[in-house]
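Below: the structure, in C-alpha coordinates.
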Amino acid sequence: MSSPRTLTPISWYVTGHNEADGESVFHSDINTTPPVRKQPDNIQIFDCYLTQGFPIDLSGDKDIRTYEHLLQNPPGIVVPNGSAARVVDIPPGYTSPMHRSMSLNYNFVIEGEVDAILSSGEVRTLKRGDGIVQRAINHAWRNNSQTEWARITAVVLPVQPFQVGPSKGNASGAQDTEQKKE
(Lines of atoms letter the chains of each structure in order from A and count residues from 1; the text may use other names and numbers.)
(Lines give C-alpha, C1' and ligand atoms only; values in the text may rest on other atoms or scores of the structure.)
Protein backbone atom coordinates (compact mmCIF):
# COMPACT_ATOMS: atom_id res chain seq x y z
CA MET A 1 0.00 0.00 0.00
CA SER A 2 1.33 3.43 -0.86
CA SER A 3 1.95 6.00 1.82
CA PRO A 4 -0.47 8.90 2.36
CA ARG A 5 2.64 11.01 1.92
CA THR A 6 2.04 10.64 -1.82
CA LEU A 7 -0.72 13.19 -1.26
CA THR A 8 0.19 16.86 -1.09
CA PRO A 9 0.62 18.03 2.52
CA ILE A 10 -2.29 20.12 3.77
CA SER A 11 -1.85 23.79 4.66
CA TRP A 12 -4.78 25.51 6.34
CA TYR A 13 -5.01 29.22 7.08
CA VAL A 14 -7.38 30.92 9.48
CA THR A 15 -8.02 34.63 9.14
CA GLY A 16 -8.85 37.22 11.76
CA HIS A 17 -8.65 40.92 12.48
CA ASN A 18 -5.89 43.15 13.73
CA GLU A 19 -7.11 44.47 17.07
CA ALA A 20 -5.50 47.89 16.53
CA ASP A 21 -7.12 48.86 13.24
CA GLY A 22 -9.52 46.05 12.30
CA GLU A 23 -7.55 45.09 9.18
CA SER A 24 -7.88 41.53 7.91
CA VAL A 25 -4.92 39.33 8.88
CA PHE A 26 -3.93 35.68 8.93
CA HIS A 27 -4.30 34.36 12.47
CA SER A 28 -0.82 33.53 13.73
CA ASP A 29 -1.86 31.36 16.69
CA ILE A 30 -3.31 28.54 14.55
CA ASN A 31 -0.92 25.93 13.18
CA THR A 32 -1.10 25.85 9.38
CA THR A 33 -0.90 22.04 9.45
CA PRO A 34 -4.20 20.75 10.82
CA PRO A 35 -4.00 17.91 13.33
CA VAL A 36 -4.68 14.41 12.02
CA ARG A 37 -6.65 11.66 13.70
CA LYS A 38 -5.47 8.31 12.37
CA GLN A 39 -8.20 5.70 12.44
CA PRO A 40 -7.63 1.95 12.96
CA ASP A 41 -8.54 1.29 9.31
CA ASN A 42 -5.81 3.69 8.08
CA ILE A 43 -8.28 6.49 7.31
CA GLN A 44 -6.78 9.86 8.24
CA ILE A 45 -9.07 12.69 9.33
CA PHE A 46 -7.76 16.25 9.48
CA ASP A 47 -9.86 18.52 11.70
CA CYS A 48 -9.26 21.79 9.85
CA TYR A 49 -11.81 23.82 11.82
CA LEU A 50 -14.55 23.02 14.32
CA THR A 51 -17.15 25.39 15.76
CA GLN A 52 -20.07 25.30 18.20
CA GLY A 53 -23.14 27.52 18.25
CA PHE A 54 -25.11 29.21 15.50
CA PRO A 55 -24.57 31.87 14.43
CA ILE A 56 -20.87 31.44 15.11
CA ASP A 57 -19.47 33.98 17.60
CA LEU A 58 -16.21 35.48 16.31
CA SER A 59 -15.97 38.20 18.97
CA GLY A 60 -12.85 38.00 21.10
CA ASP A 61 -11.75 34.96 19.05
CA LYS A 62 -14.32 32.78 20.85
CA ASP A 63 -14.49 30.50 17.81
CA ILE A 64 -10.73 29.94 17.94
CA ARG A 65 -10.89 29.00 21.62
CA THR A 66 -13.76 26.62 20.80
CA TYR A 67 -11.67 25.05 18.02
CA GLU A 68 -8.74 24.56 20.39
CA HIS A 69 -11.08 23.01 22.99
CA LEU A 70 -12.62 20.64 20.44
CA LEU A 71 -9.17 19.55 19.27
CA GLN A 72 -8.40 18.52 22.85
CA ASN A 73 -11.84 16.87 23.22
CA PRO A 74 -12.59 15.50 19.74
CA PRO A 75 -16.27 15.18 18.89
CA GLY A 76 -17.65 12.39 16.77
CA ILE A 77 -18.47 12.91 13.13
CA VAL A 78 -20.93 15.66 14.02
CA VAL A 79 -20.14 18.59 16.33
CA PRO A 80 -23.35 19.05 18.36
CA ASN A 81 -24.82 22.46 17.46
CA GLY A 82 -21.70 23.23 15.44
CA SER A 83 -19.80 22.72 12.23
CA ALA A 84 -16.77 20.73 11.13
CA ALA A 85 -14.46 21.36 8.18
CA ARG A 86 -12.39 18.27 7.52
CA VAL A 87 -10.11 16.63 5.01
CA VAL A 88 -10.28 12.83 4.86
CA ASP A 89 -7.56 10.66 3.30
CA ILE A 90 -8.76 7.23 2.14
CA PRO A 91 -6.28 4.37 1.56
CA PRO A 92 -6.03 2.52 -1.76
CA GLY A 93 -8.71 -0.14 -2.29
CA TYR A 94 -10.48 0.73 0.96
CA THR A 95 -14.25 0.43 1.39
CA SER A 96 -15.71 1.89 4.57
CA PRO A 97 -18.43 0.15 6.56
CA MET A 98 -21.95 1.36 5.80
CA HIS A 99 -22.72 4.21 8.23
CA ARG A 100 -25.01 7.18 8.80
CA SER A 101 -24.43 10.43 10.65
CA MET A 102 -27.18 12.82 11.65
CA SER A 103 -25.76 15.56 9.50
CA LEU A 104 -25.88 17.45 6.25
CA ASN A 105 -22.47 17.04 4.61
CA TYR A 106 -20.95 18.92 1.69
CA ASN A 107 -18.20 16.64 0.34
CA PHE A 108 -15.81 17.27 -2.54
CA VAL A 109 -13.21 14.93 -4.01
CA ILE A 110 -9.90 16.76 -4.32
CA GLU A 111 -7.61 13.81 -5.13
CA GLY A 112 -8.35 10.43 -6.67
CA GLU A 113 -11.67 8.78 -7.39
CA VAL A 114 -14.17 7.40 -4.89
CA ASP A 115 -17.54 5.71 -5.03
CA ALA A 116 -20.38 6.93 -2.85
CA ILE A 117 -22.35 3.75 -2.10
CA LEU A 118 -25.89 4.14 -0.74
CA SER A 119 -27.84 1.59 1.31
CA SER A 120 -30.25 1.24 -1.64
CA GLY A 121 -27.38 -0.19 -3.69
CA GLU A 122 -27.05 2.93 -5.83
CA VAL A 123 -23.47 4.02 -6.54
CA ARG A 124 -22.02 7.23 -7.96
CA THR A 125 -18.38 7.55 -8.92
CA LEU A 126 -16.92 10.89 -7.87
CA LYS A 127 -13.77 12.16 -9.55
CA ARG A 128 -11.54 15.07 -8.63
CA GLY A 129 -13.70 18.20 -8.52
CA ASP A 130 -16.98 16.32 -8.04
CA GLY A 131 -19.15 16.91 -5.01
CA ILE A 132 -22.03 15.34 -3.14
CA VAL A 133 -24.56 16.67 -0.64
CA GLN A 134 -25.25 13.93 1.91
CA ARG A 135 -28.51 14.35 3.81
CA ALA A 136 -28.19 11.99 6.81
CA ILE A 137 -28.00 8.97 4.52
CA ASN A 138 -26.73 5.46 5.14
CA HIS A 139 -23.65 5.19 2.94
CA ALA A 140 -20.14 3.85 2.43
CA TRP A 141 -17.06 5.20 0.66
CA ARG A 142 -14.82 3.18 -1.67
CA ASN A 143 -11.44 4.29 -3.04
CA ASN A 144 -11.39 2.85 -6.56
CA SER A 145 -7.60 2.85 -6.91
CA GLN A 146 -5.56 -0.09 -5.66
CA THR A 147 -2.38 2.02 -5.57
CA GLU A 148 -3.25 5.67 -4.89
CA TRP A 149 -4.78 7.41 -1.89
CA ALA A 150 -7.94 9.50 -2.34
CA ARG A 151 -8.74 12.73 -0.53
CA ILE A 152 -12.13 14.31 0.12
CA THR A 153 -13.22 17.41 1.99
CA ALA A 154 -16.21 17.37 4.29
CA VAL A 155 -18.19 20.24 5.78
CA VAL A 156 -20.46 18.64 8.39
CA LEU A 157 -23.53 20.33 9.88
CA PRO A 158 -25.97 18.78 12.39
CA VAL A 159 -29.59 18.13 11.43
CA GLN A 160 -32.83 17.89 13.39
CA PRO A 161 -34.17 14.37 14.07
CA PHE A 162 -36.57 13.35 11.31
CA GLN A 163 -38.91 10.56 10.20
CA VAL A 164 -38.20 8.68 6.98
CA GLY A 165 -39.89 5.44 5.94
CA PRO A 166 -40.68 3.03 8.78
CA SER A 167 -37.99 4.33 11.11
CA LYS A 168 -36.84 7.58 12.61
CA GLY A 169 -33.66 8.98 11.07
CA ASN A 170 -30.80 8.21 13.43
CA ALA A 171 -27.13 7.44 13.31
CA SER A 172 -26.05 3.87 12.71
CA GLY A 173 -23.05 1.81 11.81
CA ALA A 174 -19.34 1.70 12.42
CA GLN A 175 -18.85 5.43 12.70
CA ASP A 176 -21.81 6.17 14.97
CA THR A 177 -19.85 8.54 17.18
CA GLU A 178 -21.48 11.92 16.71
CA GLN A 179 -23.78 11.49 19.70
CA LYS A 180 -20.74 11.71 22.00
CA LYS A 181 -21.24 14.35 24.67
CA GLU A 182 -18.63 16.96 25.52
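Numbering-wise (the UniProt record's numbering), the sequence shown opens with residue 1 and increments by one.
No residue lacks a Cβ here, since even glycine has one placed at the ideal position from N, Cα and C.
In the three-state scheme derived from DSSP, where H, G and I count as helix and E and B as strand, Arg37 is classed as strand.
In this structure Val14 is not in contact with Ser83, their Cβ atoms being roughly 14 Å apart against a cut-off of 8 Å. Take Asn81, set aside five residues on each side of it, and the residues of its chain with a beta-carbon closer than 8 Å to its own are Gln52, Gly53, Phe54 and Pro158, in chain order. Between Ser145 and Pro92, the gap from beta carbon to beta carbon is short of 8 Å.
For the pair Ile90 and Asn138, the CB atoms are not nearer than the 8 Å cut-off. Where Ile64 is concerned, the enclosing alpha helix (DSSP H) starts and stops at Lys62 to Gln72. Straight-line measurement puts the Cα of Arg86 at about 22 Å from the Cα of Val25. Nearest in C-alpha terms to Met98, of all of Asn18, Trp149, Asn31 and Ala136, is Ala136.
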